[in-house]
Every structure is written in structure tokens, then in C-alpha cells.
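Put into C-alpha cells, the structure is as follows:
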């Protein structure tokens, strides 16, 4: 059974032992070191340079922390459509499930 991004978000928050605060970033270096190898290689050979996976993941988590629509994503995370598209690609590839399993170890 595939996990939703919200379930992965809850897992990350559990491991970070954070409440629902509004800090701009929530991924510690230790958590990021577990997640980074699970993500696909960073591309960006076409068009504008892409934001790093870490910024995008922070943006996705920001959406779920705030409940805001994708279009309200702060610019620091990159274009909302890029974050949304990456979220969908990672969902289709089962990456959220993989992240969940890695964080449980």
C-alpha cells in the first residue's frame, strides 16, 4: 500500500519531534542525509536551473504544514508548478514510500 505525502510528512515531523510550527525549514542535515540518496538524480539541463531537491522537499512540506494552495508557495522554494510537478513525479515513482521506510530504520 502506497503512503500519501501527508503520511510521510507526519513521519518526518515525528522523527524531528516538532510541533506544527512555522519555521521556514524543517529538514535537519541528519534527516536529509537519509532522504537524499533515495531521490532521483538532479536534472536541469533544459531551461532555467532547477531548485535543489532539498528546497523542493522543504516546499512540499511547507504546503502540508500550512494547508496553503500550491500557488501560494513562497518563491524561495522555486516555482509552485515545479514543486507540484516534482511532488507528482515522486508520488508516481513510489518515492514517498521509500522515504517512509528509510526514516523508520
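Numbering (my numbering), first residue to last: 963 to 1067. Even for Gly, the Cβ is constructed at its ideal location relative to N, Cα and C.
DSSP places residue 1054 within a helical segment (H, G or I) once states are collapsed to three. One Cα belongs to residue 1014, the other to residue 1041, and the distance between them is close to 12 Å. Residue state for residue 1021 is assigned as helix, using DSSP reduced to three classes. Between residue 1026 and residue 971, the gap from beta carbon to beta carbon is short of 8 Å. Apart from sequence neighbours up to five positions away, the residues of its chain that approach residue 1033 with a beta-carbon distance below 6 Å are 1042, ordered along the chain. For residue 996, the enclosing alpha helix (DSSP H) covers residues 991-997. For residue 1065, the three-state secondary structure derived from DSSP is helix.
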